[in-house]
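Here's the structure, in structure tokens; my notes come after.
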Amino acid sequence: MTQRANEDTPQGLAFALTAYFLWGFLPLYIKLLAHIPPVEILAHRVIWSVPIGLVVLLLLRRTKDLVAALKTPKMLGMACVTAALVSLNWGIYVWAVTAGYAMEAALGYYMNPLFSIALGAMLLGEKLSRAQLVAIGLAASAVVVLVVDGGGLPWAALGMMLTWGFYALAKKQLPIGPNQGFLLEVLILLPFALGYVAYLGANGQSHFVFAPSANTWLLLGCGVITAVPLMIYANGAKLLRLSTIGILQYIAPTIIFLIAVFVFDEPFGRARAIAFPLIWLALIVYTTSMIRQMRKH
Numbered sequence: 000m001t002q003r004a005n006e007d008t009p010q011g012l013a014f015a016l017t018a019y020f021l022w023g024f025l026p027l028y029i030k031l032l033a034h035i036p037p038v039e040i041l042a043h044r045v046i047w048s049v050p051i052g053l054v055v056l057l058l059l060r061r062t063k064d065l066v067a068a069l070k071t072p073k074m075l076g077m078a079c080v081t082a083a084l085v086s087l088n089w090g091i092y093v094w095a096v097t098a099g100y101a102m103e104a105a106l107g108y109y110m111n112p113l114f115s116i117a118l119g120a121m122l123l124g125e126k127l128s129r130a131q132l133v134a135i136g137l138a139a140s141a142v143v144v145l146v147v148d149g150g151g152l153p154w155a156a157l158g159m160m161l162t163w164g165f166y167a168l169a170k171k172q173l174p175i176g177p178n179q180g181f182l183l184e185v186l187i188l189l190p191f192a193l194g195y196v197a198y199l200g201a202n203g204q205s206h207f208v209f210a211p212s213a214n215t216w217l218l219l220g221c222g223v224i225t226a227v228p229l230m231i232y233a234n235g236a237k238l239l240r241l242s243t244i245g246i247l248q249y250i251a252p253t254i255i256f257l258i259a260v261f262v263f264d265e266p267f268g269r270a271r272a273i274a275f276p277l278i279w280l281a282l283i284v285y286t287t288s289m290i291r292q293m294r295k296h
């Protein structure tokens with residue numbers, strides 16, 4: 000196998016843009032499920048992601064890696080950690096959107112890359128550049144502004160940032176491809192999801208019925224909205240430079256932010272008018288620094 004050159008490709012750009020736009024407009028779909036409890040939505044995201052992930056692996060003929068992972072206790076243990084973290088992240092996201100905190104979800108996504116830098120410094124001994132320190136400082140200032148004005152922490156944003164940051168860190172240690180890793184995670188979560196849905200059904204509380212209904216179709220679609228963007232992104236990431244992915248990742252939270260303000264009519268008060276520009280400035284500083292570093296190598 001020849002190693003792929005570290006350069007951007009039109010296919011990679013198309014894949015990545017598609018994934019980020021799908022993630023950006025995802026709140027519009029999740030909002031349609033606002034009358035359903037977030038945990039039930041989460042369970043169906045897991046359940047209906049499994050057949051999609053399995054079909055993709057069968058088409059790619061990559062099932063051997065998955066079988067090997069299921070037989071390796073250490074890898075299975077690591078996958079349990081990533082599965083727990085990603086399910087928490089999905090759960091917080093669904094709750095934030097359905098409860099009217101989509102803007103906090105956007106804030107959490109904006110803070111993710113900066114938190115990952117901080118994690119790398121704290122846990123992996125990675126050295127921070129001056130620009131990265133400035134960016135982290137600006138992001139921390141934004142959180143302080145929100146805390147002082149709101150009288151409490153932006154829990155949804157911080158929850159998403161923490162769970163995704165640690166998920167990305169743990170995922171790096173998992174020696175398996177992204178598509179195989181995704182299916183492994185949802186397979187681990189599947190018994191819990193099926194158990195919860197069965198419990199709801201037994202108690203007459205399930206919104207999923209085995210007959211055509213709006214709720215049933217929406218819950219079935221949870222597998223598509225979960226698995227498809229992730230797998231499209233996984234393919235795009237292989238065909239793009241790290242710096243390009245770094246810039247493109249702000250597309251989704253920007254769309255979510257705009258939807259929160261102009262579609263969901265969430266309040267955009269003085270604190271957010273200060274905090275969001277601080278975050279945007281932090282990301283400009285961080286991204287500019289990252290591009291300069293990439294050009295030196």
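By numbering that gives the first Met the number 0, the letter at position 222 of the sequence shown is numbered 221, and the numbering carries on one by one without gaps. Glycine included, C-beta positions come from ideal geometry on N, C-alpha and C.
- Under a 10 Å Cβ-count criterion, Val262 is classified as exposed, with fewer than 16 other Cβ atoms of the shown protein chains found around its own Cβ.
- In the structure shown, the three-state DSSP call for Val208 is coil.
- In this chain, the alpha helix (DSSP H) harbouring Gln172 covers 154-172.
- Residue state for Glu39 is assigned as helix, using DSSP reduced to three classes.
- When only Cα atoms are considered, Thr225 and Ile135 end up about 30 Å apart.
- Judged by DSSP secondary structure, Tyr249 falls outside any alpha helix (DSSP H); it is assigned neither H nor E.
- For Asn178, the uninterrupted alpha helix (DSSP H) segment begins and ends at 177-201.
- By the Cβ-count criterion, Ile283 is exposed, with fewer than 16 other Cβ atoms from all chains shown falling within 10 Å of its own Cβ.
- When only Cα atoms are considered, Asn111 and Lys30 end up about 23 Å apart.
- In the three-state reduction of the DSSP assignment, Arg271 falls in the helix class, which pools H, G and I.
- Following the DSSP letters along the chain, one finds Tyr108 inside the alpha helix (DSSP H) bounded by residues 101-123.
- Here Arg44 is buried: its Cβ has 16 or more other Cβ atoms, across all protein chains shown, within 10 Å.
- Look at the beta carbons and you see the stretch 36-55 touching the stretch 187-199: at least three pairs across the two are nearer than 8 Å.
- C-alpha of Leu183 to C-alpha of Tyr100: approximately 30 Å in a straight line.
- In this structure, the CA atom of Leu188 is about 31 Å from the CA atom of Leu239.
- Between the stretch 155-171 and the stretch 106-125 there are three or more inter-stretch CB-CB distances shorter than 8 Å, so the stretches are counted as touching.
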